[in-house]
Amino acid sequence: MSLSPRFIAVILAFLISLITTAFLAFVDGVSKGMLFVSAISSFISSFFLVLYAVDILVFREVNKMYRTIHKLKMRDFNMAPRKRLIRESNPLKTINDEIFVYVTKKQKEIDELKKLELFRREFLADVSHEFKTPIFAAQGFIHTLLDGAMDDDNVRERFLRKAANNLDSLDVLVKDLLVLSQMETGDIKMNIMPTDLRKLTLSIFSRLEHIAKNRNVTLKVKPDDMPEVWIKADADRMEQVMLNLIENAIKYGNENGKVIVHFSESKKYIEVEVKDNGPGIPHEHLNRIFERFYRIDKSRSKEIGGTGLGLAIVKHILNAHDTKIAVMSKPDKGTTFSFKLEKAYHQHLPEPKTDDVVNQLNP
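Going by the UniProt record's numbering, the letters in the sequence shown line up with residues 1 to 363, in that order.
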């Protein structure tokens with residue numbers, strides 16, 4: 001039903017005219033002509049009075065409120081409103097809906113700010129803790145040497161090595177924080193070029209071979225019928241991604257287990273999966289493992305090592321490649337990290353024939 005000012009004025013004017021005429025009909029000496037004139041005059045006067053009251057005092061004020069809310073929504077107090085309230089609709093319902101939507105949006109922003117504030121406090125606490133551990137350890141070794149242990153050659157060398165190891169850990173932490181900060185601010189530009197991800201993965205396997213042997217973990221690339229996997233990516237950054245994922249799979253998987261890097265090909269993309277058959281990640285931790293310094297088992301993480309920033313860096317690198325990383329995990333069945341990258345087509349140069357090589361060697 002339309003609730004425009006004219007419609008409301010017509011209804012109320014008709015009711016007022018009807019009531020006035022009905023009362024006059026009971027008065028002696030009032031003719032039909034007088035009743036007609038009274039009905040018309042009361043209808044016209046009531047119509048304009050109600051129209052003025054509704055339009056000026058209600059609709060226009062509601063429109064002002066609507067324009068104010070619209071400006072607040074646009075966050076610009078100087079701009080003209082893009083639209084006016086539809087006068088043929090119910091203005092009070094419209095303004096109520098607008099206020100509800102606006103308040104709901106603001107409440108979400110407040111909740112998000114609270115989460116960010118909590119995250120900031122947790123991050124500062126984590127950074128302080130991560131810095132404190134190697135600094136205090138190196139400080140303790142150096143002060144012990146200064147207090148007299150320096151005279152013992154064996155103690156001096158052992159303590160200096162331990163202090164150096166802690167300072168090296170601190171250096172790695174600072175570098176990871178710097179890389180992560182540059183990723184978040186967009187200061188690091190991706191050098192996108194054709195990259196053979198299978199070759200890069202095999203190179204990482206060689207680098208991590210000693211860690212895998214210590215835990216008796218088998219490293220495997222599948223499928224065997226894909227000798228090359230060409231993608232469009234920054235080779236150095238993708239090396240960071242694969243190194244982090246494979247190293248985590250080795251360290252946090254089961255001993256005597258296996259780590260599989262699986263490639264699958266579609267029309268435009270290469271899907272990469274890094275799988276292990278370890279204990280898995282509890283469901284309540286899956287949404288937070290890409291946060292900075294977040295550790296599932298803090299005691300074990302400290303024993304294994306690492307800065308706690310690896311997966312956060314992985315996430316930002318893949319975001320910079322316009323893709324996202326996903327994780328699936330089942331208790332006691334293992335964890336799978338997966339992501340997609342755009343395919344690249346690499347043109348090979350033709351291999352020289354044997355006769356040509358001989359002729360070049362013996363001109």
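Idealized CB from N, CA, C, for every residue including glycine.
As the structure is a prediction and not an experimental result, all values here were calculated from the model.
{"Query": "Check whether the stretch 329 to 347 and the stretch 267 to 276 touch, using three or more Cβ-Cβ pairs below 8 Å as the test.", "Result": "yes"}
{"Query": "Below 8 Å, can you find three or more Cβ-Cβ pairs linking the stretch 2 to 21 to the stretch 34 to 54?", "Result": "yes"}
{"Query": "Closer than 8 Å is the cut-off here; do at least three beta carbon pairs connect the stretch 206 to 214 with the stretch 327 to 340?", "Result": "no"}
{"Query": "Report all residues from its chain with a CB closer than 6 Å to the CB of Met183; omit the five preceding and five following residues, and keep chain order.", "Result": "His316"}
{"Query": "For Met150, which residues from the same chain have a beta carbon less than 8 Å from its beta carbon, with the 5 sequence-adjacent residues on both sides left out?", "Result": "Arg156"}
{"Query": "Between the Cα of Asn244 and the Cα atoms of Ile204, Ile16, Ala25, which residue gives the shortest distance?", "Result": "Ile204"}
{"Query": "Can you tell me which residues form a DSSP beta bridge with Met193?", "Result": "Ala233"}
{"Query": "Per DSSP, what kind of secondary structure is His321 in: helix, strand or coil?", "Result": "coil"}
{"Query": "Please say whether Pro331 and Gly278 have beta carbons closer to each other than 8 Å?", "Result": "no"}
{"Query": "Determine the contact status of Leu200 and Glu239, defining contact as a CB-CB distance below 8 Å.", "Result": "yes"}
{"Query": "Is Leu145 closer than 8 Å to Phe159 when the C-beta atoms are compared?", "Result": "yes"}
{"Query": "Please list the terminal residues of the continuous beta strand (DSSP E) segment that includes Asp153.", "Result": "It is not in any beta strand (DSSP E) - Asp153 instead sits in the alpha helix (DSSP H) that spans 153 to 185."}
{"Query": "Assuming Ser4 and Ser42 form a contact by the criterion Cβ under 8 Å, report the distance between their Cβ atoms to the nearest whole angstrom.", "Result": "Not a contact, Cβ separation roughly 22 Å."}
{"Query": "Report yes if the CB atom of Asp259 is closer than 8 Å to the CB atom of Leu286, and no otherwise.", "Result": "Looking at the sequence itself, residue 259 is Val, so the reference to Asp does not match. No. Outside cutoff."}
{"Query": "To the nearest angstrom, how far is the alpha carbon of Asn359 from that of Phe263?", "Result": "Confidence at Asn359 is low in this model, with a pLDDT of 44, below 50, so its placement is unreliable and the value that follows should be read with caution. Going from the Cα of Asn359 to the Cα of Phe263 covers about 41 Å."}
{"Query": "DSSP three-state label for Ser338, please.", "Result": "strand"}
{"Query": "Tell me which same chain residues have a C-beta within less than 6 Å of the C-beta of Lys132, skipping the five on either side of it?", "Result": "none"}
{"Query": "Assign Ser46 to one of two classes, buried (16 or more other C-beta atoms within 10 Å of its C-beta) or exposed (fewer than that).", "Result": "buried"}
{"Query": "Taking the beta carbon of Thr104 as the centre, do at least 16 other beta carbons fall within 10 Å, making it buried, or is it exposed?", "Result": "exposed"}
{"Query": "In the DSSP assignment, what are the bridge partners of Leu219?", "Result": "Val259"}
{"Query": "Along the chain, where does the alpha helix (DSSP H) that runs through Met34 open and close?", "Result": "32 to 54"}
{"Query": "Considering only residues of the same chain and omitting the five flanking positions on each side of Arg215, which have a CB-CB separation below 6 Å?", "Result": "Glu255"}
{"Query": "Return the CA-CA distance between Lys83 and Lys106, expressed in angstroms with no decimal places.", "Result": "For Lys83, the pLDDT reaches just 49, beneath the cut-off of 50, and the residue's location in the model is therefore unreliable, leaving the point undetermined."}
{"Query": "Going by beta carbon distance, what residues of the same chain come within less than 6 Å of Ala39, once the five residues before and after it are set aside?", "Result": "Ser17, Thr21"}
{"Query": "Taking the straight line between their C-alpha atoms, what separation do you get for Pro282 and Ser329?", "Result": "8 Å"}
{"Query": "Return helix, strand or coil for Lys275, following the three-state DSSP convention.", "Result": "strand"}
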